[in-house]
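Protein sequences, first through last, are from chains L and B.
Position 36 of the first sequence, counting from 1, maps to 36 under the numbering used here, and the rest follow consecutively.
One rule links them: number in the numbering used here = place in the second sequence (from 1) + 100.
The next block holds one structure in the form of structure tokens; read it before the comments.
There are 2 protein chains.
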Amino acid sequence: MRDLLLGRARFKEFSASPERIPTNILSERLERLRGAGVVERIPAADGTKRLAYRLTRKGLGLGPIVAAVRDWGLKWEPGTKAAIAAAPRA
Amino acid sequence: MRDLLLGRARFKEFSASPERIPTNILSERLERLRGAGVVERIPAADGTKRLAYRLTRKGLGLGPIVAAVRDWGLKWEPGTKAAIAAAPRA
DNA sequence: CGGTATCCACATTGATACTG
DNA sequence: CAGTATCAATGTGGATACCG
Chain L
1 MRDLLLGRAR
11 FKEFSASPER
21 IPTNILSERL
31 ERLRGAGVVE
41 RIPAADGTKR
51 LAYRLTRKGL
61 GLGPIVAAVR
71 DWGLKWEPGT
81 KAAIAAAPRA
Chain B
101 MRDLLLGRAR
111 FKEFSASPER
121 IPTNILSERL
131 ERLRGAGVVE
141 RIPAADGTKR
151 LAYRLTRKGL
161 GLGPIVAAVR
171 DWGLKWEPGT
181 KAAIAAAPRA
């Protein structure tokens, strides 16, 4: 979800993230997110026959949750680093 | 977390919630939340020797996350009902 | 009342190997 | 590149019984 919210779209991009998620887990999660209507498949931007993934509106709606988790971690869990820009301090 | 945010404090109150959580799971979760510094034990308000649970400041900080999840559910997941008052529509 | 103790079922993750 | 197939390990939840 973090990668998708950052605009990442390709299997390989998700796979390259620091978590080093195994390909089977990544594949299964993308399918489950698709089943939940949070993610959709689209043709890749580069014109090749490859696929890409993108958040639906429902998926974009998860942004505030992810942001709230990030903010909580930054405030209360030492060592938390934000991959997505933090909300400005209120 | 929802019950705690609602101000519920007693083991029995959590236990009576609609999820009908088994006592072993409830007990284990309270301990884990305590270990995470999210919940603390306090003497019960009624002066008996019983215990009660309360959110720490760190735990109260989870409120915005729970609220964001609730709002997302209300908007995107049919059948979602809010146990905590929903944020006013922006 | 407020828990512990068992024990089982199932979900999730992960390592690894393989394929169109 | 973008997955699928296996299989083992672990985590999580739940039913149930019991106890101070």
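All residues carry an ideal CB built from backbone N, CA and C; glycine is no exception.
Could you tell me which uninterrupted beta strand (DSSP E) segments, each at least 3 residues in length, are contained entirely in the region 29 to 86 of chain L, listed from first to last along the chain?
39 to 43, 51 to 55
Express the C-alpha separation of Leu30(L) and Arg20(L) in angstroms, rounding to a whole number.
Numbered from its first residue, the first sequence carries residue 20(L) at position 20. Numbered from its first residue, the first sequence carries residue 30(L) at position 30. Approximately 15 angstroms between the Cα atoms of the pair.
Is Glu19(L) helix, strand or coil when you go by DSSP?
As a working mapping, residue 19(L) is identified with position 19 in the first sequence. It is coil, neither helix nor strand.
Should the region 106 to 114 of chain B be called in touch with the region 46 to 66 of chain L, which here means at least 3 C-beta pairs below 8 angstroms?
no
Starting from Leu162(B), find everything on chain L with Cβ-Cβ shorter than 8 angstroms and list it in chain order.
Residue 162(B) sits at position 62 when you count from the first residue of the second sequence. Within 8 angstroms Cβ-Cβ: Trp72.
As a quick exercise: from Ala9(L), Gly37(L), Leu4(L), Ala86(L), pick the residue whose alpha carbon is nearest that of Asp46(L).
Walking along the first sequence from the start, residue 46(L) turns up at place 46. Checking every option, the nearest Cα to that of Asp46(L) belongs to Ala9(L).
Burial state of Leu60(L) (16 or more Cβ within 10 Å):
The residue you call residue 60(L) lines up with position 60 of the first sequence. By the 10 Å Cβ count, Leu60(L) comes out exposed.
Would you tell me roughly how many angstroms separate the C-alpha atoms of Ala183(B) and Val139(B), rounded to the nearest one?
Sequence index remark: in the second sequence, residue 183(B) carries index 83 (1-based). Sequence index remark: in the second sequence, residue 139(B) carries index 39 (1-based). Ala183(B) and Val139(B): Cα-Cα distance of roughly 20 angstroms.
Would you call the CB atoms of Met101(B) and Leu133(B) closer than 9 angstroms?
Within the second sequence, the letter at position 1 stands for residue 101(B). Within the second sequence, the letter at position 33 stands for residue 133(B). Yes.
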